[in-house]
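Residue numbers (this note's numbering): 380 to 519.
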């Protein structure tokens with residue numbers, strides 16, 4: 380279970396995430412809605428920190444920060460705004476997530492090979508071809 384609980388958390392959270400993005404009210408600007416999203420995220424993250432690391436100081440932890448968490452914050456805004464705008468543009472919930480995840484998977488395979496020396500095997504290349512075939516088929 381130690382191996383799978385993070386995957387289960389991601390899947391369950393992503394289902395909720397996609398439903399929330401799809402059902403975001405049309406009358407609110409996505410960026411205004413995201414201010415509430417991030418306020419809730421801040422509170423939940425702070426509470427989780429204090430529950431999971433009760434003998435540690437949040438401010439002391441901040442001394443170990445680097446630019447990655449700032450960039451992570453920028454990436455999260457892009458992800459969330461992109462999902463909301465994707466659905467506002469008319470993508471079906473059954474297709475939009477699939478298409479962007481498939482394209483992301485291809486990009487990460489290539490980034491892994493180029494920058495992290497991960498193997499770009501024949502089966503991974505075939506997988507990329509199949510991903511593009513899948514994107515074509517779901518968009519017909």
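For glycine and all other residues, C-beta sits at the position ideal for the given N, C-alpha and C.
Out of the options, state which residue places its alpha-carbon closest to the alpha-carbon of residue i.
i: residue 394; options: 477, 419, 380; result: 477
i: residue 479; options: 444, 497, 517; result: 517
i: residue 483; options: 470, 511, 403, 413; result: 511
i: residue 473; options: 490, 400, 453; result: 400
i: residue 455; options: 495, 493, 405, 413; result: 413
Taking the straight line between their C-alpha atoms, what separation do you get for residue i and residue j?
i: residue 515; j: residue 486; result: 17 Å
i: residue 431; j: residue 423; result: 12 Å
i: residue 397; j: residue 410; result: 16 Å
i: residue 415; j: residue 462; result: 16 Å
i: residue 428; j: residue 434; result: 10 Å
i: residue 419; j: residue 386; result: 22 Å
i: residue 440; j: residue 425; result: 12 Å
i: residue 384; j: residue 452; result: 24 Å
i: residue 507; j: residue 437; result: 42 Å
i: residue 471; j: residue 445; result: 37 Å
i: residue 490; j: residue 504; result: 13 Å
i: residue 405; j: residue 469; result: 12 Å
i: residue 450; j: residue 513; result: 31 Å
Count the other C-beta atoms from every protein chain shown that fall within 10 angstroms of the C-beta of residue i, then say buried if there are 16 or more, exposed otherwise.
i: residue 459; result: buried
i: residue 466; result: buried
i: residue 488; result: buried
i: residue 501; result: exposed
Continuous alpha helix (DSSP H) assignments of at least 4 residues falling wholly in the region 432 to 510: The DSSP assignment places complete alpha helix (DSSP H) segments of no fewer than 4 residues inside the region 432 to 510 at 437 to 441, 446 to 467, 472 to 494, in order along the chain.
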